[in-house]
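Below is one structure, written out as structure tokens; the observations come after it.
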Amino acid sequence: MKYKITLLPGDGIGPEVVAAGAQLLGAVGDRFGHEFETNEALIGGIAIDETGNPLPEATLEVCRSGDAVLLGAVGGPKWSDPLAPVRPEQGLLGLRKGLELFANIRPVKLFPALADTSPLRSDVVRGVDLVIVRELIGGIYFGQPQEKHTTPDGRREALDTMRYAEDEAARLLHVAYQLARQRRSKVTSVDKANVLASSRLWREVAHEVAARYPDVVSEDVLVDSCAMYLLRRPADFDVIAAGNLFGDILSDEASMLAGSMGMLPSASLGEKLADGSAWFGLYEPVHGSAPDIAGQGIANPLATILSAAMMLRTSFGLEKEADAVESAVGRALADGYRTPDIMSAGMKQVGTAEMAAAVIERI
Ligand code: NAD
Numbered sequence: 002m003k004y005k006i007t008l009l010p011g012d013g014i015g016p017e018v019v020a021a022g023a024q025l026l027g028a029v030g031d032r033f034g035h036e037f038e039t040n041e042a043l044i045g046g047i048a049i050d051e052t053g054n055p056l057p058e059a060t061l062e063v064c065r066s067g068d069a070v071l072l073g074a075v076g077g078p079k080w081s082d083p084l085a086p087v088r089p090e091q092g093l094l095g096l097r098k099g100l101e102l103f104a105n106i107r108p109v110k111l112f113p114a115l116a117d118t119s120p121l122r123s124d125v126v127r128g129v130d131l132v133i134v135r136e137l138i139g140g141i142y143f144g145q146p147q148e149k150h151t152t153p154d155g156r157r158e159a160l161d162t163m164r165y166a167e168d169e170a171a172r173l174l175h176v177a178y179q180l181a182r183q184r185r186s187k188v189t190s191v192d193k194a195n196v197l198a199s200s201r202l203w204r205e206v207a208h209e210v211a212a213r214y215p216d217v218v219s220e221d222v223l224v225d226s227c228a229m230y231l232l233r234r235p236a237d238f239d240v241i242a243a244g245n246l247f248g249d250i251l252s253d254e255a256s257m258l259a260g261s262m263g264m265l266p267s268a269s270l271g272e273k274l275a276d277g278s279a280w281f282g283l284y285e286p287v288h289g290s291a292p293d294i295a296g297q298g299i300a301n302p303l304a305t306i307l308s309a310a311m312m313l314r315t316s317f318g319l320e321k322e323a324d325a326v327e328s329a330v331g332r333a334l335a336d337g338y339r340t341p342d343i344m345s346a347g348m349k350q351v352g353t354a355e356m357a358a359a360v361i362e363r364i
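Numbering (my numbering), first residue to last: 2 to 364.
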């Protein structure tokens, strides 16, 4: 089979880790007899430098004409002036909105070889294997009005709007339930229904959706309790479904369970394709552009490599190939390969290219 993948390297370590991901996809293609055609396009700071726009129209077009997108990261000190008229992050938000990618999927799975790199005790993180499904293009990040003004008595005041329509919540929850069916069949819906009206609607819709999946165990957990349970009993969670703001915060908290940001992949999905077989998706590491280590060849490429594995499984239905990549990552770690961010005593410290090569050798 032939698949068209758009590569959006972006800024900082983005180009380094996307190069590793592209090399891995090439190797998977060779081993399993698939053709992965790649096209590169601009996003983020580099796109501002070259075109004045963090998301040039040409980039959206290339993405729409392909089967999936692999993105590195955007942003960096060069473009971080808060008063600048355009910012790299607008490219990312625009891409998610432009491609209608409403569900962000973040698996957090601890590779046994890395049990000691989590800041939490190894007996707490043992067995952690959860997925956070976060609503990505609604809620308080997009709700209007969003503004800052001066009140008639001269005080500065700012406001944001947290708004969810029933269909926005329902489509996200359906993704969570469908994922749960492929896993351990449990969904935890997160809200703040004791305080927020938008959360009370979310919970109402969560119960309606849950009724359609009687084979899946469902629970509601308040966001503050969820933040606490993630540290106290993280291995109890299977799929966590949350709105944009709560999902954003909980997924960064959960990322620490796996040891390093450099280990965490993600997928942002739109609707399933018309034949119902697969999702169009944007795949990217959870981490940012890491300007502090950019250009040194030491960035951990595993989050991007694991994102490419998610692409193989979720957008292309290539389950065996995705398993092969994930198990090759596990074996490279078990054989002692470590980039500096996950280094520990007695292991082999390597750079981005050597880590990618170690995984490729083990596919
Ligand atoms: P960051 O994730 O870039 O870096 C945080 C820390 O983790 C740094 O010390 C960095 O060196 C380390 N790190 C991150 N990825 C790593 C990897 N693959 N290997 C080894 N170490 C890694 O977050 P930040 O420093 O808060 O943000 C830097 C820039 O990235 C900012 O401009 C921010 O806006 C942007 N950002 C972009 C995205 C994205 O593109 N999706 C996400 C988060 C932050």
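Heads up, the beta-carbon is just placed ideally off N, CA and C, and yes, glycines get one too.
### Task
Can you give me the Cβ contacts of Val29 inside the same chain, cut-off strictly under 6 Å, excluding the 5 residues immediately before and after it?
Closer than 6 Å at the Cβ level, and outside the excluded window around Val29, lie Glu322.
### Task
Return yes when at least one heavy atom of ligand 3 lies under 6 Å from the C-beta of Met262, else no.
Of the ligands one can find in the structure shown, namely ligand 1, none is ligand 3.
### Message
Tell me the DSSP secondary structure of Ala243 in three-state form.
### Response
Three-state DSSP puts Ala243 in a strand.
### Query
Does the count of Cβ pairs from the stretch 239-259 and the stretch 290-307 closer than 8 Å reach three?
Not touching, per the Cβ criterion.
### Task
Can you check the stretch 24-75 for any alpha helix (DSSP H) of at least 4 residues that lies completely inside it and give the ranges in chain order?
Whole alpha helix (DSSP H) segments, 4+ residues: 46-52 and 58-66.
### C-alpha gap between Glu169 and Glu51, whole angstroms
One C-alpha to the other measures close to 36 Å.
### Message
Using only the alpha-carbon positions, how far apart do Ala309 and Glu158 sit?
### Response
Cα-Cα distance, rounded: 44 Å.
### Message
Less than 7 Å between the beta carbons of Leu270 and Ala104, yes or no?
### Response
In contact: Leu270 and Ala104 (Cβ atoms closer than 7 Å).
### Message
Just verifying my parser: in three-state terms, what is the DSSP assignment at His175?
### Response
DSSP places His175 within a helical segment (H, G or I) once states are collapsed to three.
### Task
Would you kindly work out how many angstroms separate the C-alpha atoms of Asp342 and Pro108, rounded to a whole number?
Their Cα atoms are separated by approximately 19 Å.
#### Entry: Unbroken beta strand (DSSP E) run spanning His150, endpoints
Here the beta strand (DSSP E) through His150 covers Glu148 to Thr151.
### Query
Should Val75 be listed as close to ligand 1, given that the test is whether its C-beta is under 6 Å from any heavy atom?
Indeed, a heavy atom of ligand 1 lies less than 6 Å from the Cβ.
### Task
Quick one: residues in its chain with C-beta nearer than 6 Å to the C-beta of Gly331, no 5 flanking neighbours on either side, listed in chain order?
Taking C-beta separations shorter than 6 Å and ignoring five residues to either side along the sequence, the partners of Gly331 in its chain run Phe112, following chain order.
### Message
Could you check if Ile294 belongs to the surroundings of ligand 1, using beta carbon to heavy atom distance under 6 Å?
### Response
Within the cutoff, so yes.
#### Entry: Buried/exposed call for Ala21, threshold 16 Cβ in 10 Å
Under this definition Ala21 is a buried residue.
### Query
What are the boundary residues of the beta strand (DSSP E) that includes Ile361?
Not the beta strand (DSSP E): Ile361 falls in the alpha helix (DSSP H), residues Thr353 to Glu362.
### Task
Have a look at the DSSP bridge pairing and note the partners of Leu160.
DSSP lists Glu148 as partners of Leu160.
### Message
Looking at chain C, is there any beta carbon in it that lies within less than 7 Å of the beta carbon of Gln91?
### Response
In summary, chain C is missing from the structure at hand, where a single protein chain is found.
### Task
For Gln24, collect the residues of the same chain with a Cβ closer than 8 Å to its Cβ; drop the 5 residues on either side in sequence, then sort them by chain order.
Answer for Gln24: Ala357 and Ile361, listed in chain order.
### Query
ligand 1 heavy atoms versus the CB of Ala181: any closer than 6 Å?
The closest heavy atom of ligand 1 lies 6 Å or more from the beta carbon of Ala181.
### Query
DSSP three-state call for Gln297: helix, strand or coil?
For Gln297, the three-state secondary structure derived from DSSP is coil.
### Query
In its own chain, which residues sit with a C-beta less than 7 Å from the C-beta of Val176, not counting the 5 before and 5 after it?
If we look at Val176 and ignore the five residues flanking it on each side, its Cβ neighbours are Ala104, Val134 and Leu270.
### Query
Cβ of Asn105 within 6 Å of any heavy atom in ligand 1?
Because no heavy atom of ligand 1 lies under 6 Å away, the Cβ of Asn105 does not count as near it: no.
### Query
Looking only at C-alpha atoms, which of Glu148, Gly248 and Pro83 sits nearest to Cys227?
Of Glu148, Gly248 and Pro83, the residue nearest in Cα terms is Gly248.
### Query
How many angstroms separate the CA atom of Leu61 from the CA atom of Val19?
When the Cα atoms are used, Leu61 and Val19 turn out to be separated by approximately 18 Å.
### Query
Taking the alpha carbon of Asp324 as the point to measure from, which residue in Leu231, Lys3 and Phe33 has its own alpha carbon closest?
In terms of Cα proximity to Asp324, the closest of Leu231, Lys3 and Phe33 is Phe33.
### Task
Quick one: residues in its chain with C-beta nearer than 7 Å to the C-beta of Thr7, no 5 flanking neighbours on either side, listed in chain order?
Beyond the five residues adjoining it in sequence on each side, Thr7 comes within less than 7 Å, by CB distance, of Asn40, Ala42, Val63, Cys64, Gly67 and Val70 in the same chain, given in chain order.
### Query
Short check: CB of Val129 to CB of Ala236, under 7 Å?
A Cβ-Cβ contact shorter than 7 Å links Val129 with Ala236.
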